[in-house]
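Trainee: Here it is: the structure, laid out below.
Below, the structure written as structure tokens:
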């Protein structure tokens, strides 16, 4: 098996999980009355991290 494919698959999975968590966080903040736009650093999503930009 090609380890590069496994690494790419892992990055895609982490990015998708980070997107789901980000959507959940934004929904909770919106429900609490947040009116500012918040952006998370897209480059960190491939590591499974969320950081405000």
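Residue numbers (my numbering): 17 to 69.
The beta carbon of each residue, even a glycine, is placed where N, CA and C say it ideally should be.
(1) Candidates 26, 31, 69: which alpha carbon is nearest residue 61's?
(2) Using the Cα positions of residue 40 and residue 67, report the straight-line distance between them to the nearest angstrom.
(3) Measure the alpha-carbon distance for residue 46 versus residue 37 and round it to whole angstroms.
(4) Taking 7 Å as the line, does the beta carbon of residue 59 fall inside it for any heavy atom of the ligand SAM?
Mentor: Put simply:
(1) The residue you call residue 61 lines up with position 45 of the chain shown. It is 31.
(2) One-based indexing of the chain shown puts residue 40 at position 24. One-based indexing of the chain shown puts residue 67 at position 51. Roughly 14 Å separates the two Cα atoms.
(3) For the purposes of this step, residue 46 is taken as the residue at position 30 of the chain shown. For the purposes of this step, residue 37 is taken as the residue at position 21 of the chain shown. Roughly 14 Å between the two C-alpha positions.
(4) Because no ligand of any kind appears in the structure shown, any question about the ligand SAM cannot be addressed here.
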